[in-house]
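Here the structure is laid out as structure tokens; the discussion comes afterwards.
Laid out in structure tokens, this is it:
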């Protein structure tokens, strides 16, 4: 069990640039979640996949944010035209098949984004 | 949107002390309550998943209780150790399986 991995771990970009993050879930996990965490706050839900289907998307996820999970394996989160307010830790989590509300989420180490 | 709140925001205790913190959540349309521990420079780690009113769960010196009627959960740590220093998060999902986290309780155990 290699755990959830995220790449890159840190990203510094200039305002207006596009960035893409990758998450590789635990191999047998069919659910995958993306969260954003800013200083002093808990993780905020962004979106959720079951296999390749994106089932839920937060209103926090503006038109500049998009996520994909082709073939139900790894997932990418893209932010277009980054703004300074996008600076945050982006966390990915995966969970195994089971009861949807009670599934334990296994978190990756996160990608810390800094927008200058 | 679910309003999940945690208190206190931070806590400093001496090694060996017992401590507890609170997570409050809407009691209507309740599905589950999750507790996580997040140590600095590590990933959040699941502690408990609780669903039934009156549930009590225990893992080592850490335990949790759940009251779904009044919308709160307590996390207890008996005999705190420095390695218990972390941020403790609770989260609850809505109907669409969107998880709402509290802001966390930051625990520092002083040796």
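Residue numbers (this note's numbering), protein chains in the order written: chain Y, -15 to 100; chain C, 356 to 466. Idealized CB from N, CA, C, for every residue including glycine.
Best match in the options for proximity to residue i [C-alpha to C-alpha]
| i | options | result |
| --- | --- | --- |
| residue 19(Y) | 81(Y), -4(Y), 40(Y) and 67(Y) | 40(Y) |
| residue 414(C) | 361(C), 396(C), 390(C) and 370(C) | 390(C) |
| residue -11(Y) | 44(Y), 5(Y) and 1(Y) | 5(Y) |
| residue 44(Y) | 63(Y), 54(Y), 57(Y) and 86(Y) | 63(Y) |
| residue 356(C) | 381(C), 371(C) and 370(C) | 381(C) |
| residue 408(C) | 385(C), 401(C), 398(C) and 395(C) | 385(C) |
Listed by chain order, chain Y residues near residue i by CB distance under 7 Å
| i | result |
| --- | --- |
| residue 376(C) | Result: empty, since nearest Cβ-Cβ is about 13 Å, beyond 7 Å. |
| residue 456(C) | 26 and 27 |
| residue 386(C) | 85 |
C-beta atoms of residue i and residue j nearer than 8 Å
| i | j | result |
| --- | --- | --- |
| residue 26(Y) | residue 90(Y) | no |
| residue 98(Y) | residue 404(C) | no |
| residue 456(C) | residue 368(C) | no |
| residue 15(Y) | residue 33(Y) | yes |
Residue i versus residue j: straight-line alpha-carbon distance, rounded
| i | j | result |
| --- | --- | --- |
| residue 77(Y) | residue -1(Y) | 27 Å |
| residue 52(Y) | residue 444(C) | 27 Å |
| residue 47(Y) | residue 434(C) | 48 Å |
| residue 418(C) | residue 410(C) | 10 Å |
| residue -6(Y) | residue 70(Y) | 14 Å |
Proximity test, residue i beta-carbon vs the ligand ZN heavy atom, cut-off 7 Å
| i | result |
| --- | --- |
| residue 431(C) | Among the components modelled here there is no ligand, and therefore nothing to report on the ligand ZN. |
Beta-carbon neighbours of residue i, restricted to chain C and to distances below 7 Å
| i | result |
| --- | --- |
| residue 93(Y) | 398 |
| residue 42(Y) | 453 |
Closer than 9 Å at the beta carbon, the chain C residues around residue i
| i | result |
| --- | --- |
| residue 32(Y) | 451, 452, 453 and 454 |
Segment contact, 8 Å Cβ cut-off, at least three pairs: the stretch 371 to 378 of chain C with the stretch 420 to 432 of chain C: yes
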